[in-house]
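Read the structure below first, then the notes.
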Amino acid sequence: MRPLVSYWSDAWRRFRRNPLAMVALAVLVVFALLVIFAPLTSGHDAYAMDATVVNQEPSSAFWFGTDALGRDLWTRVWVGARVSLIVAIACAFVQIVVGSLCGAAMAYFGGTVDEVLMRVIELMSSVPSLLISLIIMMVAGNNMGALLLAMCITSWMDTARQVRGLVKGLRESDYVAAARCLGASPLKIIVRHLIPNTLSILLLDLFMSIPSYIFSEASLSFLGMGLKAPEISLGTLISDGQSLLQIYPFQLFYPALVLCLIVLAFNLFGDGLRDALDPRMRK
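Next comes the structure, spelled out in structure tokens:
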């Protein structure tokens with residue numbers, strides 16, 4: 006006599022019962038609002054330099070203090086967090102789109118297509134992704150487009166493998182055979198029938214990939230191989246603050262704290278989402 010509950014409704018019910026996941030969701034919402042609106046609240050420009058307020062401690066005028074060039078750290082931290090999030094979300098979407106299409110094509114067509122793409126994936130997997138990223142950044146320059154290309158060029162392979170395994174079990178389903186008999190093209194079958202049935206795995210992969218991209222972007226920028234001045238990101242702010250750690254530790258503390266909280270919130274959110282979307286956890 007229980008009421009009928011859809012898969013997504015039941016997943017949301019189980020997600021709400023996870024307190025850590027709900028806290029992580031609330032933190033992510035707060036951070037999303039901060040990266041959008043916080044730079045507007047300080048009254049200072051993120052790039053404006055003022056030699057009269059160099060290396061100021063946090064105060065009512067400068068909530069996070071100022072850096073070595075007199076720029077407001079509150080504004081710069083949230084602008085940098087916005088850039089890091091945009092890069093991470095863009096890379097994650099490219100990973101999901103390219104990986105799901107390639108994986109579904111490999112499983113649906115099989116044969117030569119599957120063999121060729123699997124050899125390409127194996128070849129690219131044999132080279133460390135960090136090395137590929139460093140080479141691309143050295144050749145293409147330290148700009149946003151080069152950073153996106155460097156981080157996306159190898160990111161789709163794990164997603165392609167996962168989708169390939171799932172679609173192989175779905176391609177012989179009755180609804181796929183019916184669509185094929187009705188004259189649907191392979192692309193339509195892949196996009197409208199096969200990929201939607203892997204949506205839960207793709208959503209989980211999306212949210213679990215974002216923190217790794219945030220950390221990768223910060224690592225590349227910290228090493229001097231990512232974005233460089235005048236671009237702002239959490240990695241560049243941490244790199245700038247590290248050089249003055251002994252004298253002005255607050256210049257490193259605030260961007261590092263924001264980075265850690267964002268990555269932790271995404272990881273906890275992803276763990277909760279994984280448990281909620283797992284049908285074996287259903288009661």
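If you use our numbering, the sequence shown corresponds to residues 6 to 288, in order.
Cβ coordinates follow ideal geometry from the N, Cα and C atoms, glycine included.
Remember, it's a predicted structure, so these values are computed and weren't measured experimentally.
How about residue i and residue j: are their beta carbons less than 8 Å apart?
i	j	result
L262	I243	no
Y113	P235	no
H49	D77	yes
G240	M142	no
R166	G108	yes
S221	M156	yes
A29	F274	yes
A56	Y218	no
L154	A145	yes
DSSP on residue i, reduced to helix/strand/coil?
i	result
D72	coil
D77	strand
P191	helix
T46	helix
G231	coil
R22	coil
I267	helix
Y52	coil
P260	helix
R176	coil
Work out the CA separation of residue j and residue i for me, nearest whole Å.
i	j	result
T80	Y259	11 Å
V118	L208	26 Å
D245	I140	23 Å
N23	G277	7 Å
S130	L152	19 Å
V99	T46	33 Å
L128	K233	31 Å
S65	A86	22 Å
F42	V35	10 Å
A95	V172	25 Å
V88	G170	34 Å
M27	I206	20 Å
Return yes when the C-beta of residue i is under 7 Å from any heavy atom of the ligand PLP, and no when it is not.
i	result
P63	As far as ligands go, the structure on display features none, and thus does not contain the ligand PLP.
Got a sec? Which residues, its chain only, sit under 6 Å from residue i by beta carbon, not counting five neighbours each side?
i	result
A281	A16, R19, F20
L39	W83
G104	W161, T164, A165
Near residue i, what residues of its chain come up, given a Cβ to Cβ distance below 7 Å and the 5 sequence neighbours on each side ignored?
i	result
N272	P216
V84	P44, A51, I237
L257	I243, G246, Q247, L250
Please list, in chain order, all residues of the same chain as residue i whose beta carbon is under 8 Å from its beta carbon, the five residues on each side excluded.
i	result
V181	L175, I194, H198, L199
R279	L209, M213
Point to revise | Cβ contact check for the stretch 203–218 and the stretch 113–127: 3 or more pairs under 8 Å | key: By the Cβ test, the stretch 203–218 is not in contact with the stretch 113–127, since fewer than three Cβ pairs between them sit closer than 8 Å.
Review point. Just checking, does the stretch 54–72 make contact with the stretch 250–257 on the three C-beta pairs under 8 Å criterion?
Key: yes
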